[in-house]
Amino acid sequence: MAETSETRYRIGGMDCAACATKIDTAVRRVTGVADVSVSVMAGTMTVRHDGSSDLKAIEKRVTGLGYSVALFAGSAAPAGEHGSHDRHDHDHAGRDHEHKGHDHAGHSHDHDHARHDHDHGEKKIEDLHGHDHAPMAGPWWQSRKGRLTILSGAALVAAYAVGHLVPAIASYAFIVAMLIGLVPIARRAVMAALSGTPFSIEMLMTIAAVGAVIINAGEEAATVVFLFLVGELLEGVAAGKARESIQSLTALVPKSALLEDNGQTREVPAESLAVGAIIMVRPGDRISADGVIISGESGIDEAPVTGESTPVRKGVDAVVFAGTVNGDAVLRVRVTAAAADNTIARVVKLVEEAQESKAPTERFIDRFSRYYTPGVVVVAALVAVVPPLLFAGSWGEWVYKGLAILLIGCPCALVISTPAAIAASLSSGARRGLLMKGGAVLETLGKVTMVAFDKTGTLTEGRPQVTDIISFGLGEAQLLSRAAVLEQGSSHPLALAILNRAKADGVPVPPAFELEALPGKGVSGKVGGETMDLLSPPAARERGALAAKQDVLITALNDEGKSVSVLLINGVAAGLIAMRDEPRADAQAGLAMLKSAGVKAMMLTGDNRRTAAAVAGVLGIAWRGEMMPEDKQRVVGELKREGFIVAKVGDGINDAPALAAADIGIAMGGGTDVALETADAAVLHGRVGDVARMIELSKRTMRNILQNITIALGLKAVFLVTTIAGITGLWPAILADTGATVLVTINALRLLRIKI
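Remember, my numbering sits 9 above the position in the sequence shown when you count from 1.
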């Protein structure tokens, strides 16, 4: 069996779900094509094929329908060369912004090359339809669609003027005005019919307009064509706004970087930075690549990427993201990801791919619309024919009503109701660090009734912190200083906890001499004539250094889930330092948000029962301890059998089996590959409350979809009744279609501005 390959395209001029359906149907007919995913909101098409497909034929089908098509950079071999086309290679950073609403000076070379390949196919149809081939560069009235709409409107006004001045030729003037807008529409209708979509809105529009002329309603026909073009234009503007919301993230990454090269600093394009390169970031500059700080310490404003409201203090070895802003000091950063793989690029890629995957509701509406539109055509034909034939009705009157029903029947608003809301919601979530892989995930999140959390790094910070300093004679600062002296140079998590606390408290840490590691026991050394040891409690007991009262104190601290180190000075116990991986600052508030939403929570951890009980006690959460990965998977299965819809939240590595077993797997992390690729969803900035926010966003989205479906079907039902009753005619009928589509899109775009 031939290996399946994948090719991704940018599609220009695609504004509504009907556009996507026509493209999908046409491309599926090309030999060798296995599957097609078209996203209106992302302006993309992904074609999966067996390698035998003629890519030129695919592109010709799309341009023949009236849309522009350009390969994603790196997503495919030139037409005729059939290799493996990996979607991970394409230009995630959005350098080929060729969809509507973006007016970036200079498209990428890849885009220009692809455009050049298609020039011939586009020129043939350039003047024959209203769909744009290029981005809506600048104001709407400068686009092809805008110019055609203006021309159609001007022709309609001129026809009215001529009709008043020379009534004898009024009907001809309106026919001419109608044809100016209808010819490109009819051309698209024919191409769609030949490509397998006979019941397109363009076909319904063409039949209605021609029929209106035949029954001497040329004035209304011209008006309807103009209103149709206005509606399409509004759809295009709205779709462009939706696309901008996520693509605007790519503008956060600076175009250039200061590269260190042989001791010199020079400015280079950010996209040319290789992994391992060293860049300098000045105060106030945007960081141009994902990386790790190798020198310097500064406050980093991460709000553009993670939504974090206050700058985060970062120093050596801290991870920084492209697009974030350096605050107050020069940093040197080692690049860890190429431009096409940085956090922002991967977020954009993930959201675009998610927009191509359909939610269950969307799939149902797609199936429904396949029968709905032909059904409407049958109803329109019956309305036009039955009353005159059987009940002696007027042919002119009932044919007119039948034509109006044709226009009412277009499913555009209904079909766009779900993807528009899902696309807006995915984009809104991404801008807040909430990533969801597709409509199905987004839809299921709102149904979650149980969230199972990992402990370390999810509910807790993931690193120990000093919680208690108990001195047996020395001052706390002196005790901490001596312990820090012994831990200098160590990378052990407990050692780092002591060093970080000493730094935070401003405690002096003088140099130590004759430091010696005692494997499994601790460390010893000499400072200022004193012999000091920092030991585990069992090692201290071996030396007989602990009194009974001190042993009781250590046991009490252990019962609270804390690790204890004992400081000996000249063989005598001088004090205890207790450490624990503490809950995240927002963990309690985040769990409270879930509880108020009616969602239960549970902690599953591999830690010992004592530590698990202590952390769970602080957070007020049910727990299971000492669990291996397979145990977590088993518990998730048990919860599902009890009737819960389960979301599992973890770091995406040791939790992988449980993440896969859950209805929804949510990875916590700061933009790591695992966080973005392992689970169904990811919380980028690791806040526990973001899980509740993700669930709330899902619920709001489903409410929005219900509103959209109600608007789409409600308007059609009202106008269907008023049309048959003879109250409304052709031009209100077209408003029922395009008006509903615009209303649904605008309603969906409200999700971009919600505060969660």
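The beta carbon of each residue, even a glycine, is placed where N, CA and C say it ideally should be. Note that the coordinates shown come from a computational prediction; the quantities given were computed from them, not determined experimentally.
Would residue i and residue j be called neighbours here (beta carbons separated by less than 7 Å)?
i, j, result
"Ile353", "Val262", "yes"
"Ala461", "Lys649", "no"
"Val697", "Arg589", "no"
"Ala749", "Ile720", "yes"
"Ile704", "Leu454", "yes"
"Gly300", "Arg322", "no"
"Glu1", "Leu267", "The first residue shown for the chain is 10 and the last is 765, placing residue 1 beyond what the model contains."
"Met612", "Lys456", "no"
"Val239", "Trp149", "no"
"Arg291", "Val339", "yes"
"Leu555", "Val573", "no"
"Ala201", "Lys31", "yes"
"Ile67", "Val45", "no"
"Val700", "Ala667", "no"
"Ser183", "Glu241", "Checking the displayed sequence, the identity of residue 183 turns out to be Phe instead of Ser. Taking 7 Å as the Cβ cut-off, Phe183 and Glu241 do not qualify as a contacting pair."
"Thr458", "Phe330", "no"
"Ala493", "Val518", "yes"
Find the nearest neighbour of residue i within the set the options, judged by alpha-carbon distance.
i, options, result
"Phe81", "Arg355, Tyr18 and Arg153", "Tyr18"
"Glu4", "Ser48, Gly41 and Leu739", "Nothing can be reported for residue 4: it is not among the residues displayed for the chain, which extend from 10 to 765."
"Ser161", "Ala230, Leu213 and Met212", "Ala230"
"Val424", "Arg341, Val753 and Arg759", "Val753"
"Gly629", "Lys725, Val645 and Ala598", "Ala598"
"Arg762", "Val234, Pro278, Ala201 and Leu435", "Leu435"
"Glu485", "Asp514, Phe400 and Gly172", "Asp514"
"Gly418", "Ile210, Val573 and Ala170", "Ile210"
"Val192", "Leu174, Ala168, Leu157 and Ala177", "Leu157"
"Cys4", "Ala422, Leu165, Gly305 and Arg153", "Since the displayed the chain opens at 10 and closes at 765, residue 4 lies outside it and no answer follows."
"Arg343", "Asp270, Val395, Val357 and Ala601", "Asp270"
"Lys358", "Ser48, Leu603 and Gly678", "Ser48"
"Arg153", "Val536, Ser77 and Ser500", "Ser77"
"Arg441", "Asp664, Val199, Ala195 and Glu311", "Glu311"
Report the three-state DSSP secondary structure of residue i (helix, strand or coil).
i, result
"Gln497", "coil"
"Val536", "strand"
"Tyr381", "helix"
"Glu842", "As shown, the chain starts at 10 and ends at 765. That puts residue 842 outside it, with no answer to give."
"His58", "strand"
"Pro592", "strand"
"Tyr18", "strand"
"Gly633", "Looking at the sequence provided, one finds Arg at residue 633 rather than Gly. If DSSP states are grouped into helix, strand and coil, Arg633 belongs with the strands."
"Val518", "coil"
"Arg153", "helix"
"Val325", "coil"
"Phe183", "helix"
"Lys65", "helix"
"Asn351", "coil"
"Asn335", "strand"
"Glu443", "For clarity, residue 443 is Leu in the given sequence; the question names Glu instead. It is a strand residue."
"Phe462", "strand"
"Leu412", "helix"
"Gly748", "helix"
"Ile586", "strand"
Just how far apart, CA to CA, sit residue i and residue j?
i, j, result
"Ile736", "Val727", "11 Å"
"Leu544", "Thr476", "17 Å"
"Leu451", "Ser707", "5 Å"
"Gly21", "Leu74", "11 Å"
"Ser480", "Gly615", "32 Å"
"Ile563", "Pro546", "8 Å"
"Glu496", "Gly482", "21 Å"
"Val408", "Thr72", "35 Å"
"Met54", "Thr16", "8 Å"
"Lys571", "Ala688", "31 Å"
"Ser605", "Arg709", "16 Å"
"Ser204", "Val36", "8 Å"
"Leu600", "Ala625", "11 Å"
"Leu165", "Pro397", "32 Å"
"Pro528", "His501", "12 Å"
- Query: On the three-pair Cβ rule with 8 Å, is the segment 424-432 touching the segment 738-746?
  - Reply: They do not touch, by the three-pair rule.
- Query: Are there three or more Cβ pairs, one per stretch, closer than 8 Å when the segment 378-394 is compared with the segment 696-714?
  - Reply: No, the segment 378-394 does not touch the segment 696-714.
- Would you check if the segment 634-643 and the segment 607-621 touch, i.e. whether three or more CB-CB distances between them fall below 8 Å? Yes, since at least three Cβ pairs between the segment 607-621 and the segment 634-643 fall closer than 8 Å, the two stretches touch.
- Cβ contact check for the segment 285-301 and the segment 322-338: 3 or more pairs under 8 Å: Short answer: they touch.
- Query: Within the chosen definition, does the segment 275-286 reach the segment 339-356 through at least 3 CB pairs nearer than 8 Å?
  - Reply: Taking 8 Å as the limit for Cβ pairs, the verdict is that the segment 339-356 does touch the segment 275-286.
- Touch test, the segment 465-475 against the segment 577-584, Cβ-Cβ under 8 Å, three pairs minimum: Output reads no: the segment 577-584 does not touch the segment 465-475.
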